[in-house]
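> My structure is below; once you've seen it, I'll send some questions.
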Amino acid sequence: MTVYLPIAELSVNILIILGMGAAVGFLSGMFGVGGGFLITPLLIFYNIPPVVAVATGANQVVASSMSGALSHFRRGTLDVKLGTVLLFGGLAGATVGIWIFALLRSVGQLDLVISLLYVVLLGTVGTLMLLESIRAMRRSASNQPVSLRRPGQHNWVHRLPLKMRFKKSKIYLSVIPVIGLGFCIGILTSVMGVGGGFIMVPAMIYLLRIPTNVVVGTSLFQIIFVTAYTTVVQATTNYSVDIVLAFILMVAGVIGAQYGVRVGQKLRGEQLRALLALLVLAVGARLAVDLVVTPDDVYSVISEGVYR
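Counting from 121, one number per residue, gives the positions in the sequence shown under this note's numbering.
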C-alpha cells in the first residue's frame, strides 16, 4: 500500500512509515528522547530528501514527546519549572538554528553537514554513555552503591550565580547552565531535526546532577515546545514539512510512546542508558558507512536545494 508525499515528491509504503513512527515513539517513551536522532536518519535511508526528513522528523518528535510527557506528568516524574527554564534557552537556540539551516541549504552543503554532525555527535555521546553504563552495571553487580548524586559532590556548574530552587527535582542550581543547555539543544533541533534528548538526558544527569527519575519527563516536556516551534518556522520559511508524512508518523509515534513508557518503568537506570547508548552508536555507524561508501547514483540533480 503506497501513499504519495507531495513535498518529498515520491511514493512510499505506508506500512513501513507506520512501523518507523511506532518504533521511534516506543523508544521516545522508554528513554525520554524525542526520537528525532533516529527518525531523521531512517527517513534518509528510505530515500526521503534530507531537507524534508529534518523538518518533518522534528514534527513527528512533537507527537511522541507529548504522549510520553503526559504519561510522566501523571506519574509525578516531570519537573515543569525546570522544563520551562530549559524551554527559554531552547526557543532562542531554535531561532538561531533555523537561520543556520537556511544558510547551509542556500550554499548546497546541508546534506553533508547533517550527516557529519550525526556521525560525530552520535559516536561521541553513544561511546561515553556506554562506558559509564557498563561501569554502573559492574558496580551494581558487585553490590557497590551506584549513585549519580553523592552528598557534597559538586562541580563548576554548581558554583555559578543566579541560582533557582527546583522543588520537584530537589536541587538548587544556577539557571545559566540550564538555559545554555536548552540553547544548544534548540540549535540541534533546527539543524538536525532532533529533539535533542540523546544529549539532554545525559547532560542533565551527569553535568547538572538532576535525579534520574525526573530527567526523562522533563526532557520530553522541553522537547515538545521547541520541536513544535521549529516545525512551524520550518514550514513557513523553508517550506520543507511534508504534512502527509508528518501525519502518518505522528499517529504511529503517539501509540508507540505509550508502550515505551510502560517498558521503561520496569528497567533500571543503568540498563536504560546502556540500551540507549547501543542504539545511538548503531545509528551513527550506519551514517558513517554511507559517508564513505560509493553511492549507487554518483550524480544527482538538485533544484533550489531539494532533490528532484
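We treat Cβ as the ideally placed atom computed from N, Cα and C, and that holds for glycine.
In angstroms with no decimal places, state the Cα-to-Cα distance between Leu211 and Ile159.
For the purposes of this step, residue 211 is taken as the residue at position 91 of the sequence shown. For the purposes of this step, residue 159 is taken as the residue at position 39 of the sequence shown. If I take the Cα positions, the gap works out to 22 Å.
> Compare the Cα-Cα distances from Val364 to each of Leu232, Val172 and Val412 and report the closest residue.
Locating residue 364 in the sequence shown gives position 244, where the first residue counts as 1. Taking only the C-alpha atoms, the option nearest Val364 is Val172.
> Count the other C-beta atoms from every protein chain shown that fall within 10 angstroms of the C-beta of Gln354, then say buried if there are 16 or more, exposed otherwise.
What you label residue 354 is simply residue 234 of the sequence shown in a count that begins at 1. Buried, because 16 or more other Cβ atoms sit within 10 Å of the Cβ of Gln354.
> Under DSSP, the beta strand (DSSP E) around Val123 begins and ends at which residues?
Locating residue 123 in the sequence shown gives position 3, where the first residue counts as 1. That run of the beta strand (DSSP E) goes Thr122 to Leu125.
> Here's the rule: buried if 16 or more other CB atoms are within 10 angstroms of the residue's CB, otherwise exposed. What is Val374?
The residue you call residue 374 lines up with position 254 of the sequence shown. So Val374 ends up on the buried side.
> What does DSSP give as the partner residue(s) for Phe286 in the beta ladder?
In the sequence shown, residue 286 corresponds to position 166, counting from 1. As a beta-bridge residue in DSSP terms, Phe286 pairs with Ile291.
> Mind listing, in chain order, the continuous alpha helix (DSSP H) runs of no fewer than 4 residues lying wholly within the segment 159-246?
Given a length threshold of 4 residues, each whole run of the alpha helix (DSSP H) inside the segment 159-246 is given here in chain order: 170-195 and 200-226.
> In angstroms, rounded to a whole number, what distance separates the CA positions of Thr309 and Pro170?
The count along the sequence shown starts at 1 and reaches residue 309 at position 189. The count along the sequence shown starts at 1 and reaches residue 170 at position 50. For Thr309 and Pro170, the distance between alpha carbons rounds to 14 Å.
> Could you tell me the alpha carbon to alpha carbon distance between Asn333 and Thr197, rounded to whole angstroms?
Mapped onto the sequence shown, residue 333 falls at position 213. Mapped onto the sequence shown, residue 197 falls at position 77. Approximately 6 Å between the Cα atoms of the pair.
> Look at the alpha carbon of Ala214 and the alpha carbon of Gly316, and state the distance between them as a whole number of angstroms.
Sequence index remark: in the sequence shown, residue 214 carries index 94 (1-based). Sequence index remark: in the sequence shown, residue 316 carries index 196 (1-based). Between Ala214 and Gly316, the C-alpha separation is close to 11 Å.
> Tell me the rounded alpha-carbon separation between Leu232 and Phe157.
The count along the sequence shown starts at 1 and reaches residue 232 at position 112. The count along the sequence shown starts at 1 and reaches residue 157 at position 37. If I take the Cα positions, the gap works out to 16 Å.
> The alpha helix (DSSP H) with Leu340 in it runs from where to where?
Your numbering for residue 340 matches position 220 in the sequence shown. In the DSSP annotation of this structure, the continuous segment of the alpha helix (DSSP H) that includes Leu340 starts and ends at Thr332 to Thr357.
> Give the range of the beta strand (DSSP E) segment to which Ser131 is assigned.
Numbered from its first residue, the sequence shown carries residue 131 at position 11. Segment Leu130 to Asn133, the beta strand (DSSP E) holding Ser131.
> Just tell me which of Gly302, Arg195 and Leu125 has its CA closest to the CA of Val381.
As a position in the sequence shown, residue 381 is number 261, starting the count at 1. The shortest Cα separation from Val381 among Gly302, Arg195 and Leu125 belongs to Arg195.
> Which residues in the same chain as Thr122 place their Cβ atom closer than 8 Å to its Cβ, once the five residues preceding and following it in sequence are excluded?
Working through the sequence shown from its first residue, we reach residue 122 at position 2. Excluding residues within five positions, the ones whose Cβ falls inside 8 Å are Ser131, Val132, Asn133 and Ile134.
> In three-state DSSP terms, what is Pro297?
Within the sequence shown, the letter at position 177 stands for residue 297. Of the three classes helix, strand and coil, the one that applies to Pro297 here is helix, per DSSP.
> What is the rounded straight-line gap between the Cα of Phe193 and the Cα of Gly228?
As a position in the sequence shown, residue 193 is number 73, starting the count at 1. As a position in the sequence shown, residue 228 is number 108, starting the count at 1. If I take the Cα positions, the gap works out to 42 Å.
> Check whether the segment 247-259 touches the segment 394-402, taking contact to mean three or more Cβ pairs, one atom from each stretch, closer than 8 Å.
In this structure the segment 247-259 touches the segment 394-402; the number of beta carbon pairs closer than 8 Å is three or more.
> If I measure Cβ to Cβ from Ser289 and keep anything under 7 Å in the same chain, skipping five residues before and after, which residues do I get?
Within the sequence shown, residue 289 is the residue found at index 169, counting from 1. So the qualifying residues of the chain are Asp199, Leu202, Ile330, Pro331 and Val334.
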